[in-house]
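**Q** Mind having a look at this structure? Questions to follow.
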Amino acid sequence: MVFVIAEQRDRELRKPAKEALSLGRKMADELGCSMEAVIIGEGIGSLADEIASYGADKVYVVDNPFLKYYHPMAYARVIGDLVKEKQPKVVLMGGTQTGRDLLPRVAARVGAGIAPDCTGYRIDGDNIVAIRPAISGKVIVEIGFKSPIKMISIRPNAFPIAEPDTSKKAEVENIPFEPTDAEKKMVMKEFNIKSTGRPELTEAEIIVSGGRGMKGPENFAMLEELADLLGAAVGASRAAVDAGWRPQSDQVGQTGKTVSPKLYIAVGISGAIQHLAGMSSSKYIVAINKDPDAPIFNVADFGIVGDLFKVVPVLIERIKKEKGQA
Amino acid sequence: MKAICFVKSVPDTETRVKLAGDRLDKSEIKYILNPYDEFAVEEAVRKKEAGIVDEIVVVSMGPARAQEAIRSALAMGADRGVHIEDDSLDGSDAYATAKVLVEALKKEGGLDTFQLLMFGQRAIDGDTWTVPSMVAEMLGIPSVCNIVKLDIDGNKAVAVRMVEGGEEVFEVELPAVFAGRKGLNEPRYPSLPNIMKAKRKPINKYTLADLGIDAGTVGKAGSFTEVLKYELPPARQAGRKVEGEPEEVVEELIKFLKEEAKVL
Ligand SMILES: Cc1cc2nc3c(=O)[nH]c(=O)nc-3n(C[C@H](O)[C@H](O)[C@H](O)COP(=O)(O)OP(=O)(O)OC[C@H]3O[C@@H](n4cnc5c(N)ncnc54)[C@H](O)[C@@H]3O)c2cc1C
Ligand SMILES: Nc1ncnc2c1ncn2[C@@H]1O[C@H](COP(=O)(O)O)[C@@H](O)[C@H]1O
Numbered sequence: 001m002v003f004v005i006a007e008q009r010d011r012e013l014r015k016p017a018k019e020a021l022s023l024g025r026k027m028a029d030e031l032g033c034s035m036e037a038v039i040i041g042e043g044i045g046s047l048a049d050e051i052a053s054y055g056a057d058k059v060y061v062v063d064n065p066f067l068k069y070y071h072p073m074a075y076a077r078v079i080g081d082l083v084k085e086k087q088p089k090v091v092l093m094g095g096t097q098t099g100r101d102l103l104p105r106v107a108a109r110v111g112a113g114i115a116p117d118c119t120g121y122r123i124d125g126d127n128i129v130a131i132r133p134a135i136s137g138k139v140i141v142e143i144g145f146k147s148p149i150k151m152i153s154i155r156p157n158a159f160p161i162a163e164p165d166t167s168k169k170a171e172v173e174n175i176p177f178e179p180t181d182a183e184k185k186m187v188m189k190e191f192n193i194k195s196t197g198r199p200e201l202t203e204a205e206i207i208v209s210g211g212r213g214m215k216g217p218e219n220f221a222m223l224e225e226l227a228d229l230l231g232a233a234v235g236a237s238r239a240a241v242d243a244g245w246r247p248q249s250d251q252v253g254q255t256g257k258t259v260s261p262k263l264y265i266a267v268g269i270s271g272a273i274q275h276l277a278g279m280s281s282s283k284y285i286v287a288i289n290k291d292p293d294a295p296i297f298n299v300a301d302f303g304i305v306g307d308l309f310k311v312v313p314v315l316i317e318r319i320k321k322e323k324g325q326a
Numbered sequence: 327m328k329a330i331c332f333v334k335s336v337p338d339t340e341t342r343v344k345l346a347g348d349r350l351d352k353s354e355i356k357y358i359l360n361p362y363d364e365f366a367v368e369e370a371v372r373k374k375e376a377g378i379v380d381e382i383v384v385v386s387m388g389p390a391r392a393q394e395a396i397r398s399a400l401a402m403g404a405d406r407g408v409h410i411e412d413d414s415l416d417g418s419d420a421y422a423t424a425k426v427l428v429e430a431l432k433k434e435g436g437l438d439t440f441q442l443l444m445f446g447q448r449a450i451d452g453d454t455w456t457v458p459s460m461v462a463e464m465l466g467i468p469s470v471c472n473i474v475k476l477d478i479d480g481n482k483a484v485a486v487r488m489v490e491g492g493e494e495v496f497e498v499e500l501p502a503v504f505a506g507r508k509g510l511n512e513p514r515y516p517s518l519p520n521i522m523k524a525k526r527k528p529i530n531k532y533t534l535a536d537l538g539i540d541a542g543t544v545g546k547a548g549s550f551t552e553v554l555k556y557e558l559p560p561a562r563q564a565g566r567k568v569e570g571e572p573e574e575v576v577e578e579l580i581k582f583l584k585e586e587a588k589v590l
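What follows is the structure in structure tokens.
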């Protein structure tokens, strides 16, 4: 069996959860086995139908007020115990902040190998080999498993979402839950999610990112306008973040986020190795930089050598025209 | 209270990776203290300066060079080191590593002695982000990872964890695991006198036998995963580079966005 941990936020399935479910179904078909999934939270039972539409044969629902928000210990115990009991071949989860925190705990509880942040896999007889970047994307490694249960988290955006089929139904089993004394030693006091109205950086299809070349925080308005036209997220280099122009959460690179969008537009970013570490797995890279020798051009599929303050406004107007907004 | 910081020696961020066949060529790699671990050590040192922590122990499992990572942490202000070195540890995966770190912690007094278990969010070699949560689960204690803020009051801590779109604020009872990231603090550059002082700080050395660990349960033999092969990522080709009037170059870019990237 392939077992998928389906992550929700505010009672909605997260995009990486849909990616994991879609991949789970595909792997299950390739391995000739079933796919089951677990959903955990408060008031989330109705998500079972949506999970079924991605091809789950069975859905375990753990619904309890104590589990409303992510709780590393409680989530790991419930899921770990399910995994121990069901002995799936593979456990899959989206490599979100929750996924990268929870799955290692589950692996430690169960005693299983884990390959986090995977971008590929291959089936080797009855075994699975996970493929993932390491050393900040400078190498790709193949991870072989020796444990019967294989834990894999997948990099957001690395695997496609299948077309859901609402005619598919799954068996649903409710799992009872009671917090332990140890778990009560940890509570989430606040859950502060500020919606920017734009997609989350790690999940975005398109990212418009600015660096020191933007000269100041006020000029990012231009990139935000461009991003909104494209339905994109806004990112930044460390130089722009350290200057206080953009929040920490926008930073792309070795000490920031790793992103894999379809399109990454780097504006006024030189392309230092630590920046490339976070975005070089993007499908297409576009660079706008006035220095023809900027290293970003070595990785860009399309580069414009020019002054961003002249190019970007023209680009915005031109895309507006394209979208019939001018 | 006492703090224990887990640190790793990793390739410098400027490293260009070379392969020897399907293995890593380590001959020209320069190693540093994992940048994420600097946040952990810095935070512990600040807690000591604030009178909350009275001793900081730094632990590293790894070959001889791990000593340098420990010395870097000692130069930042940690008090003493623990170095776990054994040939049988080669090839240890995250699970095996976490197991050894837990045994080292126990050897040094365990959770009765240490209330603050500090980690980096990720080691920039394997980039797995797994060891801190695994250690916490093995010990059955809370963990707050990817943190940008840590306040301690008595036996309680409030930690702010960065997640997609915002933050989660946890209150936990100590002992607990914390894993730091950029934003937690600004790690200091050790001064020359402190670098000199660090050379005289003690480092306990342990082998697997000292920790009572059977060599077959760690290292390549005892790990659940192994790296089968290394490959370089497909080299990105420099694509087209255009220069000219903004209207002209933008027109070409639009064509690229429509026909190749297919986003318009
Ligand atoms: C341990 C460590 C970790 C790091 N982690 C990260 C990380 O996570 N992310 C990250 O980004 N960096 C990281 N860095 C920093 C990295 O080395 C670079 O310093 C940083 O990426 C530079 O940012 P930048 O490209 O915006 O600035 P610069 O390198 O200063 O580049 C600015 C670019 O803008 C161009 N420009 C200027 N004006 C214009 C104009 N009018 N029109 C067009 N182009 C213009 C310039 O030609 C230049 O190429 C890290 C460094 C270290 C040592
Ligand atoms: N060999 C090791 N020795 C000591 N600490 C380690 C070791 N490996 C990992 N860690 C700690 O675990 C953190 C996360 O590492 P990783 O899970 O490998 O990404 C690091 O930042 C260190 O704090």
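Chains as they are written, first to last, in my numbering: chain A, 1 to 326; chain B, 327 to 590. The beta-carbon is built from N, C-alpha and C at its ideal position, and this holds for glycine as well.
By the DSSP assignment, the beta strand (DSSP E) with M73 of chain A in it spans what residues?
**A** Per DSSP, M73 of chain A belongs to no beta strand (DSSP E); it is in the alpha helix (DSSP H), 72-86.
**Q** Is the Cβ-Cβ distance between V470 of chain B and V489 of chain B less than 8 angstroms?
**A** No, these two residues do not count as a Cβ contact at 8 angstroms.
**Q** Taking 7 angstroms as the line, does the beta carbon of F445 of chain B fall inside it for any heavy atom of ligand 2?
**A** Yes.
**Q** To which residues does DSSP link V61 of chain A through a beta bridge?
**A** Paired residue(s): A:I39, A:N174.
**Q** Closest by CA to A420 of chain B, which one among B:S517, B:M402, B:D451, B:K432?
**A** With distances taken between Cα atoms, A420 of chain B lies closest to B:D451.
**Q** What alpha helix (DSSP H) runs, 4 residues minimum, are completely inside the segment 380-432 of chain B?
**A** Segments of the alpha helix (DSSP H) lying fully in the segment 380-432 of chain B: 392-402.
**Q** Hey, which unbroken runs of the beta strand (DSSP E) at 3 residues or more fall wholly within the segment 529-578 of chain B?
**A** The qualifying runs are 529-532, 551-557, 566-569.
**Q** G480 of chain B to P65 of chain A, Cα distance in whole Å?
**A** Looking at the two C-alpha atoms, the distance is approximately 28 angstroms.
**Q** Taking only beta-carbon positions, decide if I128 of chain A is within less than 8 angstroms of chain B.
**A** With 8 angstroms as the cut-off, I128 of chain A does not count as an interface residue toward chain B.
**Q** Three-state secondary structure (DSSP) at Q251 of chain A?
**A** Here Q251 of chain A sits in strand by DSSP.
**Q** Taking Cβ-Cβ distances shorter than 9 angstroms, what residues in chain A pair up with I382 of chain B?
**A** Here the premise fails: no neighbours, minimum Cβ distance about 23 angstroms.
**Q** Using a Cβ-based criterion (distance less than 7 angstroms to any ligand heavy atom), does Y362 of chain B qualify as near ligand 2?
**A** Because some heavy atom of ligand 2 lies under 7 angstroms away, the Cβ of Y362 of chain B counts as near it: yes.
**Q** Suppose contacts are defined by Cβ-Cβ distances below 8 angstroms. Is S136 of chain A in contact with R100 of chain A by that definition?
**A** No, Cβ-Cβ distance for S136 of chain A and R100 of chain A is not below 8 angstroms.
**Q** Chain A partners of Y421 of chain B, CB-CB under 9 angstroms?
**A** Near Y421 of chain B (Cβ distances below 9 angstroms), the residues of chain A are P104, A107, A108, G111, A112, G113, I114, S147.
**Q** For K15 of chain A, which of helix, strand or coil comes out of DSSP?
**A** Of the three classes helix, strand and coil, the one that applies to K15 of chain A here is helix, per DSSP.
**Q** In the DSSP output, which residue or residues are listed as bridge partners for N493 of chain B?
**A** Correcting the residue type first, residue 493 of chain B is Glu in the shown sequence and not Asn. A:N192, B:M488.
**Q** Run the Cβ filter for me: residues under 5 angstroms from any heavy atom of ligand 1, listed in the order they occur in the chain.
**A** Taking each Cβ in turn, the ones that pass are A:G211, A:R212, A:G213, A:S237, A:R238, A:A239, A:G253, A:Q254, A:T255, A:G256, A:G268, A:I269, A:S270, A:A272, A:Q274, A:H275, A:N289, A:K290, A:D291, A:A294, A:D307, A:L308, B:T339, B:P361.
**Q** Please confirm whether P133 of chain A has its beta-carbon closer than 8 angstroms to some beta-carbon of chain B.
**A** Yes, contact with chain B.
**Q** By the criterion of Cβ-Cβ separation under 9 angstroms, what are the contact partners of K318 of chain A in chain B?
**A** The displayed chain sequence assigns Arg, not Lys, to residue 318 of chain A. Going along chain B in sequence order, the residues near R318 of chain A (Cβ under 9 angstroms) are E573, V576, E577, L579, I580.
**Q** Roughly how many angstroms separate the alpha carbons of D348 of chain B and K283 of chain A, rounded to a whole number?
**A** Computed Cα separation, rounded: 25 angstroms.
**Q** Skipping 5 residues on each side, what residues in its chain have a beta carbon closer than 6 angstroms to that of N530 of chain B?
**A** If we look at N530 of chain B and ignore the five residues flanking it on each side, its Cβ neighbours are V408.
**Q** Taking Cβ-Cβ distances below 8 angstroms as the criterion, which residues of the segment 527-557 of chain B are in contact with chain A?
**A** Correct list: S549, F550, T551, E552, V553, L554, K555, Y556, E557.
**Q** Are the C-beta of G210 of chain A and some C-beta of chain B separated by less than 8 angstroms?
**A** Not one chain B Cβ lies under 8 angstroms of G210 of chain A.
**Q** Buried or exposed for K352 of chain B, please, with buried defined as at least 16 other CB atoms from any protein chain shown within 10 angstroms of its CB.
**A** That one is exposed.
**Q** For T255 of chain A, does the count of other Cβ atoms within 10 angstroms reach 16, so buried, or fall short, so exposed?
**A** Its Cβ being crowded by 16 or more others within 10 Å, T255 of chain A is buried.
**Q** Starting from Q325 of chain A, follow the beta strand (DSSP E) in both directions and report where the run begins and ends.
**A** It is not in any beta strand (DSSP E) - Q325 of chain A carries neither H nor E in the DSSP assignment.
**Q** Expressed to the nearest angstrom, what Euclidean distance is found between the alpha-carbon atoms of P247 of chain A and G446 of chain B?
**A** So the two alpha carbons sit approximately 21 angstroms from each other.
**Q** Put I140 of chain A into one of helix, strand or coil per three-state DSSP.
**A** Three-state DSSP puts I140 of chain A in a strand.
**Q** Under a CB-based cut-off of 8 angstroms, is M328 of chain A close to chain B?
**A** Residue 328 of chain A lies beyond the stretch modelled for chain A, which goes from 1 to 326, so this question has no answer here.
**Q** For a test of the three-state rule: what should DSSP assign to E499 of chain B, helix, strand or coil?
**A** Of the three classes helix, strand and coil, the one that applies to E499 of chain B here is strand, per DSSP.
**Q** Using a threshold of 7 angstroms, is the CB atom of G435 of chain B nearer than that to any non-hydrogen atom of ligand 2?
**A** It does not: the Cβ of G435 of chain B is nowhere closer than 7 angstroms to a heavy atom of ligand 2.
**Q** Distance cutoff 8 angstroms, beta carbons only. Does F3 of chain A sit that close to anything in chain B?
**A** Output row for F3 of chain A: interface = no.
**Q** Name the chain B residues that come within less than 7 angstroms of K310 of chain A, Cβ to Cβ?
**A** In chain order: P572.
**Q** Tell me the DSSP secondary structure of S147 of chain A in three-state form.
**A** In the structure shown, S147 of chain A sits in coil (DSSP, three-state: anything other than H, G, I, E or B).
**Q** Where does N174 of chain A land, buried or exposed, given buried means 16+ other C-beta within 10 angstroms?
**A** Its Cβ having fewer than 16 others within 10 Å, N174 of chain A is exposed.
**Q** Anyone know if the C-beta pair for I289 of chain A and G213 of chain A falls short of 8 angstroms?
**A** First, the residue type needs correcting, since residue 289 of chain A is Asn and not Ile in the sequence shown. Contact flag set, yes.
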